[in-house]
Amino acid sequence: MPVDVVIAGAGPNGLMLACELSLAGVRPVVLERLTGQEEENRANGLVGQVVRALDRRGLYERITGDAQPPAPAPRYMFGALPLDLSVLDDNPLYMLPVPQRRLERVLEARARELGADIRRGHELTGLSQDDDAVTVEVAGPDGPYRIEARYLVGADGGRSLTRKLSGIGFPGLTRDDGISLAAHVSIPAELVDPATGALNVPGYGPVPAFLHHRTERGLFVFAAFPGRPPMISTLEWGRSDGDAPPTLDDLRDSIRRVLGADLPFGPPEGDGPHLLRRLTGGNTRLAERYRDRRVLLAGDAAHVHSALGGPGLNLGLQDTVNLGWKLAAEIHGWAPPGLLDTYDAERRPAAMRVVMHTQAQSALIAPGPEVTALRELFAELLGEPATVRRIAGLMSGADIRYDDGGPGAHPLTGRAAPDLLLETDAGAVRLAELTRTARPLLLDLTEGASLVGDLAGWRDRVDVVAARARHAAPAALLLRPDCYVAWACGSAHPGEGEREALRAAAARWFGPPA
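All residue numbers for the sequence shown refer to my numbering, where the first residue is 331 and numbers rise by one.
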């Protein structure tokens, strides 16, 4: 039977898209060539606006087991330089230290709960499309078969077969001048400072935990994640270690070269899987476009870049939150003309900014006295709150503004909605608790909830909530399902011009009134 959407890939991005589509009433088929989860954690946490996005779908609490909302990180790093975020009144940079395998388990459970059809051991092998459908060729456990779908989304990683078969170019740069080694290890307890978590390397000194530590010879990282063995990694330039599998002795030698000192450590303790990995070089590539008619790309299938600063899942998961509701609108028939094209128009520039700042960070960690001088200058700049605010917005994605709304529009238009604590007739509620259905939302905080009737023609698509804000807030917000502001008003008594702008925004993003 024909289906609405096929998703190639059941990594975090494919599973998050499955959740978003299912919330919008579309039941996707997810194809995954692996029969089970990968043993290796490809990421150890989430950084940026994606943490708030998960909170606004009720997934943050599922991941952490904590009912408390996320809080911004007091500090981070940029190009292996410390970033003191405590100087900001409105810090936009959130962190969630979670192994990728844990994230995938939560997302898969939620997607199945919502009715997504996840097929493990089923691999996309070919595709063809016309004006009406995509035919997907699949190799399954019982042999090959075909699926006819209205849309196909490739969330199948940096080597995406979906992208290749659809003819979308993937230009960029490949480098082979760096070698990274990473492993789980056991560390003598007396070497870890119980107060700060720093690692005291004999003959070298303390190295802060979770921060890239740059020397003239390379990069060193010590990370002690709760409930898991500590992880150590190094990065060196201008080396070639051959093709032999890496060993812990290789890591010892690399640490000696990078730090100029020996670090005593042993194999990891406890149950695995345990990481021992060598990566050579890296890629920075961006798809020429995110859409080819009925085929779309998301996550690493659309962009690959350096992992410095941990931007990968932040970028990819926000792709899916942006795409899911627009794709569902097309399928349900209420999408205004061009809505699906805004996916490329909005998310590709966001990826370009990530490519830019990861390349800048790569330049700041390179060897050489001229880079050391640049780092000294940059460290001075990071002492200014305005610079910290700019870098925090860039790394978190909080600086994204999809659309300014034109002359006279509220400054929040096109930006991610702020966190709000609201009073409703049912009691106190956070805005994040009102967005878990992934539906458009009009939040009416005007005097007497005067806008409740203005979107009567969109009530089949737009939820309306009348409330009072506990703190300073706009008088009204119209939110897209991805929690970006489609329209906002600062007046508690909006006039006819503001009401017309509200209806125009509803029609622009959610189609004509019923």
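Glycine residues also receive a C-beta, built at the ideal position from the N, C-alpha and C atoms.
Contact belief for residue i with residue j at Cβ below 8 Å, rounded distance in angstroms
i      : j      : result
Gly339 : Glu368 : That belief does not hold up - the Cβ atoms of Gly339 and Glu368 are roughly 12 Å apart, past 8 Å.
Ala709 : Leu415 : Going by Cβ atoms, the distance from Ala709 to Leu415 rounds to 15 Å, so no, they are not a contact pair.
Leu643 : Leu418 : Incorrect: roughly 23 Å between the Cβ atoms, too far for contact.
Val537 : Ala528 : 6 Å
Ile393 : Ala485 : Their Cβ separation, rounded to whole angstroms, is 19 Å, which puts Ile393 and Ala485 out of contact at 8 Å.
Leu413 : Leu712 : 6 Å
Asp617 : Phe500 : Checking the sequence shown, residue 617 turns out to be Ala, not Asp. Indeed they touch by this definition, with Cβ atoms about 6 Å apart.
Gly470 : Gly451 : 7 Å
Thr492 : Leu454 : 7 Å
Which listed residue (the options) has its alpha carbon closest to that of residue i
i      : options                        : result
Asn343 : Arg810, Leu771, Gly646, Ala836 : Gly646
Met425 : Pro641, Arg833, Arg720, Pro824 : Pro641
Gln459 : Glu478, Arg449, His452, Leu444 : Glu478
Ile562 : Pro524, Ser570, His604         : His604
Leu846 : Arg810, Pro843, Val359, Arg582 : Outside the displayed range of the chain (331 to 844) lies residue 846, so it cannot be described from this structure.
Pro598 : Ala554, Ala805, Leu454         : Ala554
Arg615 : Thr650, Asp573, Gln689, Val651 : Gln689
Asn374 : Pro518, Glu453, Val625, Gly639 : Gly639
Asp462 : Gly572, Arg624, Arg607, Gly473 : Arg624
Thr767 : Thr545, Pro474, Leu444, Phe840 : Leu444
Ile448 : Gly456, Thr455, Leu457, Leu437 : Leu437
Val464 : Pro741, Glu706, Val335, Gly698 : Val335
Asp301 : His823, Gly590, Lys494         : Outside the modelled stretch of the chain, which goes from 331 to 844, sits residue 301, for which no answer is possible.
Trp655 : Gly355, Val333, Pro332         : Gly355
Asp420 : Ala574, Pro559, Arg719, Gly663 : Arg719
Gly736 : Arg838, Gly572, Asn530, Ile517 : Arg838
Gly602 : Gly557, Leu609, Leu627         : Gly557
Pro804 : Cys819, Asp793, Val792         : Cys819
Leu511 : Ala758, Leu694, Asp580, Pro400 : Asp580
Cut-off 7 Å between Cβ atoms - residues of its own chain near residue i, not counting five sequence neighbours on either side
i      : result
Thr504 : Gly611, Asn613
Ala446 : Ala348, Ser352, Arg357, Pro358, Val360
Ala779 : Ala796
Leu433 : Pro342, Ile393
Asp784 : Arg829, Leu832, Arg833
Val428 : Gly375, Leu376, Ile393
Gly497 : Asp622
Spatial neighbours of residue i in its chain, beta-carbon cut-off 8 Å, leaving aside the 5 residues before and after
i      : result
Arg435 : Gln367
Gly723 : Pro422, Asp729
Gly487 : Gly339, Gly341, Gly629, Asp630, Ala631
Pro320 : The requested residue 320 is not part of the displayed model; the chain covers only 331 to 844.
Sequence-distant residues of its chain with Cβ nearer than 6 Å to residue i (five each side left out)
i      : result
Arg386 : Ala762, Thr765, Cys813
Leu781 : Asp774, Ala806
Ala835 : Leu808, Ala816, Trp817
Asp733 : Gly744
Arg607 : Ala512
Buried versus exposed call for residue i [16 or more other C-beta atoms within 10 Å across all chains shown]
i      : result
Ala403 : buried
Thr564 : buried
Gln379 : buried
Met682 : exposed
Tyr620 : buried
Gln398 : exposed
Tyr882 : Any property of residue 882 remains undetermined from this structure, which presents the chain solely from 331 to 844.
Met346 : buried
Pro770 : buried
Glu777 : exposed
His543 : buried
Inset, instruction - Would you list, in sequence order, the uninterrupted beta strand (DSSP E) runs of no fewer than 3 residues that lie entirely inside the segment 542–610? - result: 543–545, 548–553, 561–567
Inset, instruction - Just list the beta strand (DSSP E) runs in the segment 392–456, keeping only unbroken ones of 3 residues or longer that don't cross its boundaries, in chain order. - result: 405–408, 411–414, 447–450
Legend entry - Entirely enclosed alpha helix (DSSP H) segments - the segment 716–748, minimum 4 residues: none
Inset, instruction - Enumerate, from N- to C-terminal direction, the unbroken alpha helix (DSSP H) stretches of 4 or more residues contained entirely within the segment 458–509. - result: 491–496
Legend entry - Length-filtered (3 minimum) beta strand (DSSP E) runs lying within the segment 678–712: none
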